[in-house]
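Quick notes on the structure that follows.
Numbering (our numbering), first residue to last: 983 to 1244.
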């Protein structure tokens, strides 16, 4: 494995019950009244030179507050892959919704990589409005603001290679500065869509998720993923329980906890 070739893992740390129509913008189909649970993940890209974490999940107190089933601390689970948080140079923050930035304080030596438009929005004039306010935890946002004062936030404006083999793409749509991540592996590029596509069905059926910041940009984000993919690419949605079924456990003892994507 070269310095710019990575292994990619997904850690499942929480879940919740949901109904299918909840996952599609404007859905009124009576046939979509069936169970379609939502899982919560963080992702790891690991090479000989770098270990990069993509998103950090939420903690147990937030799970109780929001009625999510908390299974394990996702950051504690890094130890099961032999990863020490103090050795992680970068945490890529795909966006600032509560389920993606709730454990940033556990990374004392990392810099946080996010789109400038994302931080600008969540520190701007609209965040007190109900529909936006419910998507974030105030303390998480404040923590990231404080980290910025300490010089620990790397702002991106657009698409950029963060380290050799890992590139972020500015997508928007679901949130103002949502970005997804392309990782170079031996089996092809892994596309970690985060919330561009919560489920395989969102992208495959061209149906945006029901939490919308900009609908047109959600469609553009689907097209952007398609444009940076090829037949060898492995596309991984952000919340689909099928991820745990389609990929093998990182080891037998990590069944239903950590899968190896590539």
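No residue lacks a Cβ here, since even glycine has one placed at the ideal position from N, Cα and C. All values reported here derive from a predicted model rather than from experimental measurement.
Separation of residue 1076 and residue 1161 (C-alpha to C-alpha, rounded to the nearest whole angstrom) is 5 Å.
Pairing residue 1086 with residue 1126, the inter-Cα distance amounts to about 8 Å. Within the model, the alpha-carbon separation for residue 1010 versus residue 1003 is close to 7 Å. Check the Cα spacing between residue 1040 and each of 1172, 1189, 1117, 1128: the tightest is with 1117. Relative to residue 1200, the option among 1094, 1147, 1232, 1158 whose CA is nearest is 1158.
DSSP, reduced to helix, strand and coil, places residue 1015 outside both helices and strands of the structure shown, so it counts as coil.
For residue 1025 and residue 1213, the gap between their C-alpha atoms comes out near 22 Å. Per DSSP, the beta bridge partners of residue 1152 are 1161.
Sorting 1146, 1078, 1110 by C-alpha distance to the C-alpha of residue 1135 places 1078 at the top.
Counting of Cβ neighbours within 10 angstroms places residue 1102 among the exposed residues, the total staying below 16. Scanning its chain for C-beta atoms nearer than 8 Å, with the 5 sequence neighbours on each side dropped, one finds around residue 1029 the residues 983, 984, 985, 986, 987, 988, 989, 1147, in chain order. DSSP places residue 1207 inside the alpha helix (DSSP H), whose first and last residues are 1197-1209.
If you look at residue 992, you'll find it isn't in any alpha helix (DSSP H); it sits in the beta strand (DSSP E) that goes 989-998. Beta-bridge partners assigned by DSSP to residue 1072: 1093.
DSSP places residue 1099 inside the alpha helix (DSSP H), whose first and last residues are 1098-1104. Taking 8 Å as the cut-off, the Cβ atoms of residue 1057 and residue 1067 count as close. Annotated three-state conformation of residue 1219 is strand, per DSSP. Within the same chain, Cβ atoms closer than 7 Å to the Cβ of residue 1243 are found at 990, 991, 992, 1172, 1216, 1218, 1229, the five residues on either side in sequence being excluded. Counting only residues of its own chain and dropping the five nearest sequence neighbours on each side, residue 1092 has a CB closer than 7 Å to the CB of 1070, 1071, 1072, 1073. With 16 or more neighbouring CB atoms inside 10 Å of its own CB, residue 1220 falls in the buried class. Closest in alpha carbon position to residue 1165, among 1097, 1047, 1034, 1045, is 1034. Listed in chain order, the beta strand (DSSP E) runs fully inside the segment 1005-1061 are 1020-1028, 1033-1036, counting runs of at least 3 residues.
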